[in-house]
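Each residue of the sequence shown is one higher than the one before, counting from 64 in my numbering.
Here the structure is laid out as structure tokens; the discussion comes afterwards.
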Amino acid sequence: MVVSRHAEIAGAGFAGLAAAIALRQRGWTVRVHEAAKELRAFGAGIFIWENGLRVLKAVGAYESVMANAHEAISYETRHDNRLIAEHRFTPDKGTRMLTMTRQHLYSCVIEAAERAGVTIVLGSEIVAASPNGALIAADGEHYKADLVVGADGVRSKVRDSVGLLKERNSYSDGIVRVLAPRMKHALRPDNWDHVIDFWNLGNRPLRILYVPCNMDDLYLAMMAPVSDKEASAIPINHDVWIAAFPQLEPVIRRVTVGGRYDAYETSKLIRWSSGRIAIVGDAAHGMAPTLGQGAGTAIMNALALAVAVEGRSDIEDALEEWETRERPLTEHTQNHSALIAKERKTSQGGFWDADALRAANHVPTGTEHLPSLVAA
Ligand SMILES: Cc1cc2nc3c(=O)[nH]c(=O)nc-3n(C[C@H](O)[C@H](O)[C@H](O)COP(=O)(O)OP(=O)(O)OC[C@H]3O[C@@H](n4cnc5c(N)ncnc54)[C@H](O)[C@@H]3O)c2cc1C
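This is the structure:
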């Protein structure tokens, strides 16, 4: 007789939903607790690489994601609008660079979760977890499970309730994330289908990462030091940004919604698990966004978690094996992202080397059976 096992997950972000789907696919019943009252991503774009695409394929979201994503064949680095480096991401080089809006990616993952039969409880705030196998909600309710997952983001209460946080580091820069209409017609003719890393390295270092998401939406990741209160302000200070990047004036002027500023931050844990509790995603390994791999590694580790516990009665051992297998690549990606962030290496171009692309080129656990998606 097959005994169905049950998982309780805190957090319906990319990590929580990917774990939920992958567990459902392996016969588990799953309930996800989301503190927010609705499932909504904020207005920004996101990079997803080959590793993340393979996980999306495995959890049943790949086709819908690709239907409204942009594949940029080039990443340009410019100083004062002068090209200083270019990296080509053509499929024959093996790694594709896909960009899209967060809302699109999130909607596709939510739909995949619904198709898989995942139960999501909104407005359910989790405040702690027990290593014996329970999530504890703000109203005092205990939700017992064979496996408990803390996917509740960088400020994870699940993680902190069992004392797993080892260190948190912050850096001197951060990013304002906004969406704007693409408006190619209003800009001077240029490579507007490329991802372009515009730098202004004068006495006020600022950067705009120009990222097409689809035919209509443009993502601007606007980097400013934490100490630059004017440039890191929300809503954006149009005059400051237009003065630094006049070539983007028409789109900068169209940024009217608030946006969001996040300082770069890294967190590391003592261990990724405690008893029957697994910590996954930003809760386990928040990283600087310089390689665009936070969500990619989050969903890789979420799928790998479901693979690790499949058919296992000894959950604690399975979680240790999961961490031993997955943590080295995650930690490499975190460390490399942090190094690039600290030294502002993206400003020099030429940083898309094998170390920077190690996670992107990795075949995630649980996707080994899939053919190459590039050829598909
Ligand atoms: C500036 C910036 C740019 C980035 N760009 C990229 C990129 O291009 N590509 C990429 O792969 N990654 C990128 N990332 C990283 C990416 O956004 C994260 O790694 C990813 O969102 C992590 O997903 P998660 O599910 O672990 O956490 P989250 O997305 O934070 O989800 C956590 C969920 O848990 C919920 N929650 C929180 N607390 C509780 C609680 N107590 N009880 C119940 N629910 C709770 C939250 O509401 C949320 O829904 C970027 C990050 C930053 C800061």
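Virtual Cβ for every residue (Gly too), placed ideally from N, Cα, C.
Computed from a predicted structure; not experimentally measured.
Excluding the 5 residues preceding and the 5 following residue i in the sequence, name in chain order all residues of the same chain whose CB lies nearer than 6 Å to its CB.
i	result
Arg-335	Looking at the sequence provided, one finds Trp at residue 335 rather than Arg. Once the five neighbours on either side are set aside, the close Cβ partners of Trp-335 are Ile-342, Ala-347 and Glu-386.
Thr-140	Ile-147, Ala-148, Asp-260 and Gly-412
Met-64	For Met-64, the pLDDT reaches just 45, beneath the cut-off of 50, and the residue's location in the model is therefore unreliable, although a value from the coordinates is still provided. Closer than 6 Å at the Cβ level, and outside the excluded window around Met-64, lies no residue.
Val-14	Since the first residue of the chain shown is 64 and the last is 439, residue 14 is not available in this structure.
Arg-165	Ala-104, Ala-107 and Ile-109
Gly-355	Phe-110
If I follow the unbroken beta strand (DSSP E) through residue i, where does it start and stop?
i	result
Pro-46	Any answer about residue 46 is impossible in this case: the structure gives the chain only from 64 up to 439.
Glu-386	That residue, Glu-386, is in no beta strand (DSSP E); its alpha helix (DSSP H) goes 378-405.
Asp-325	323-332
Gly-108	108-111
Gly-213	210-213
Arg-317	Unbroken run through Arg-317: none, as it is neither H nor E.
Run the proximity test for residue i: is its beta-carbon closer than 6 Å to any non-hydrogen atom belonging to ligand 1?
i	result
Ala-75	yes
Glu-97	yes
Ala-83	no
Glu-188	yes
Ala-361	yes
Gly-123	no
Pro-352	yes
Asp-260	no
Gly-357	yes
Ala-78	yes
Asp-291	no
Gly-344	yes
Ile-340	no
Gly-216	yes
Phe-110	yes
Verify the CB distance criterion: does residue i have a CB-CB separation below 7 Å to chain D?
i	result
Ser-137	The question asks about chain D, but that chain is absent: this structure has only one protein chain.
Once you ignore the five residues that flank residue i on each side, which residues in its own chain have a CB closer than 8 Å to its CB?
i	result
Gly-237	Met-286, Ala-287, Pro-288, Val-289, Ser-295, Tyr-324, Asp-325, Ala-326 and Tyr-327
Shortest alpha-carbon distance to residue i belongs to which of the options?
i	options	result
Arg-390	Gly-74, Asp-416, Asp-202 and Ile-333	Ile-333
Asn-144	Ala-175, Gly-226 and Pro-309	Pro-309
His-150	Met-163, Gly-157, Thr-162 and Ile-136	Ile-136
Glu-113	Ile-173, Glu-134, Phe-414 and Leu-86	Glu-134
Val-212	Asn-300, Thr-353 and Gly-344	Gly-344
Ala-280	Pro-244, Glu-204, Val-95 and Ile-297	Checking the displayed sequence, the identity of residue 280 turns out to be Asp instead of Ala. Nearest C-alpha to Asp-280: Pro-244.
Ser-330	Val-370, Gly-216 and Asp-202	Gly-216
Thr-430	Glu-383, Ala-417, Val-314 and Leu-368	Leu-368
Arg-232	Asp-380, Ala-401, Lys-408 and Ala-70	For the record, residue 232 in the displayed sequence is Asn; it is not Arg. Answer by Cα proximity: Ala-401.
Arg-375	Arg-89, Glu-71, Lys-408 and Arg-388	Arg-89
Trp-304	Asn-364, Glu-177, Asp-155 and Val-239	Val-239
Arg-68	Lys-207, Val-258 and Ala-351	Lys-207
Leaving aside the five residues before and after residue i along the sequence, list all residues of the same chain whose C-beta is less than 7 Å from its C-beta, in chain order.
i	result
Leu-264	His-142 and Ser-410
Lys-100	Leu-185 and Gly-186
Val-225	Ala-192, Pro-194, Ser-337 and Ile-340
At which residues does the alpha helix (DSSP H) containing residue i begin and terminate?
i	result
Asp-291	No alpha helix (DSSP H) contains Asp-291, which DSSP labels as neither H nor E.
Lys-220	220-224
Leu-366	357-372
Trp-304	301-307
Counting beta carbon pairs with one atom in the stretch 114-129 and one in the stretch 291-308, are three or more of them shorter than 8 Å? In short, these stretches do not touch, since the Cβ pair count stays below three.
Are the stretch 325-333 and the stretch 179-194 touching, with three or more C-beta to C-beta distances below 8 Å? Look at the beta carbons and you see the stretch 325-333 not touching the stretch 179-194: under three pairs across the two are nearer than 8 Å.
Do the stretch 391-398 and the stretch 421-430 make contact, defined as three or more Cβ pairs closer than 8 Å? A contact exists between the stretch 391-398 and the stretch 421-430.
Does the stretch 83-90 come within contact of the stretch 179-189, defined as at least 3 CB pairs closer than 8 Å? Taking 8 Å as the limit for Cβ pairs, the verdict is that the stretch 179-189 does touch the stretch 83-90.
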